[in-house]
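*Asks:* Residue numbering for the sequence shown follows our numbering, starting at 12 and increasing by one per position. Glycine included, every Cβ here is placed at the ideal spot set by N, Cα and C. A single structure is presented below for examination.
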Amino acid sequence: MGAAIDPGSVTGRFEFLEPLPAPVAGATAVVRRGRIYVMGGTDSLGRPQQAVYVGRIGVTGHIDGWYLEPPLPAARAYGGGVVLEQRAVAFGGVADSVRPGGTPTGPGMAWYSGVST
Numbered sequence: 012m013g014a015a016i017d018p019g020s021v022t023g024r025f026e027f028l029e030p031l032p033a034p035v036a037g038a039t040a041v042v043r044r045g046r047i048y049v050m051g052g053t054d055s056l057g058r059p060q061q062a063v064y065v066g067r068i069g070v071t072g073h074i075d076g077w078y079l080e081p082p083l084p085a086a087r088a089y090g091g092g093v094v095l096e097q098r099a100v101a102f103g104g105v106a107d108s109v110r111p112g113g114t115p116t117g118p119g120m121a122w123y124s125g126v127s128t
């Protein structure tokens, strides 16, 4: 069950884009109106982070640079995210007191922030 993926559907090779200001793994990314929001994630030592970066996606698909936004209220990695109306929403994931890949947070752990229109 599920969608079949056609290997011929990729029209070209993947290209290197503008790197984030700091390396992260397990970050949450959402896209809205030509902008990509990257929230949280772990640093190179596996520690969850609070940072939120936004980049404008150009017509060629390249990102014009990354800009630091107000941070998440708490460090978070391996969570979920969605854009809902004018808000970027981050939810779930693991906190700084839980090692990456550990126990997910319980219900009620969700944050949102307004996004540019």
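Secondary structure at Gly-119, three-state DSSP: helix, strand or coil?
*Replies:* Here residue 119 is taken as the residue at index 108 of the sequence shown, counted from 1. Low per-residue confidence applies at Gly-119: pLDDT is 46, beneath 50, and the placement is therefore not dependable, though the value from the model is reported in the following sentence. Gly-119: coil per DSSP, three-state reduction.
*Asks:* Look up Gly-92 in the DSSP assignment and say whether it is helix, strand or coil.
*Replies:* For this step, residue 92 is matched to residue 81 along the sequence shown. Strand.
*Asks:* So which of Arg-58, Ala-106 and Pro-84 has the shortest CA-CA distance to Ala-36?
*Replies:* What you label residue 36 is simply residue 25 of the sequence shown in a count that begins at 1. When only C-alpha atoms are compared, the closest one is Arg-58.
*Asks:* Taking the Cβ atom as the reference point for each residue, do Tyr-48 and Val-65 lie within a distance shorter than 8 angstroms?
*Replies:* As a working note, residue 48 is residue 37 in the sequence shown. As a working note, residue 65 is residue 54 in the sequence shown. Cβ atoms of Tyr-48 and Val-65: closer than 8 angstroms.
*Asks:* Considering only residues of the same chain and omitting the five flanking positions on each side of Ile-74, which have a CB-CB separation below 8 angstroms?
*Replies:* The residue you call residue 74 lines up with position 63 of the sequence shown. Leu-28, Glu-29, Ile-47, Gly-66, Arg-67 and Ile-68, listed in sequence order.
*Asks:* In its own chain, which residues sit with a C-beta less than 7 angstroms from the C-beta of Thr-39, not counting the 5 before and 5 after it?
*Replies:* By 1-based counting over the sequence shown, the position of residue 39 is 28. Closer than 7 angstroms at Cβ, skipping near neighbours: Met-50, Gly-51, Gly-90, Gly-91, Gly-92 and Ala-101.
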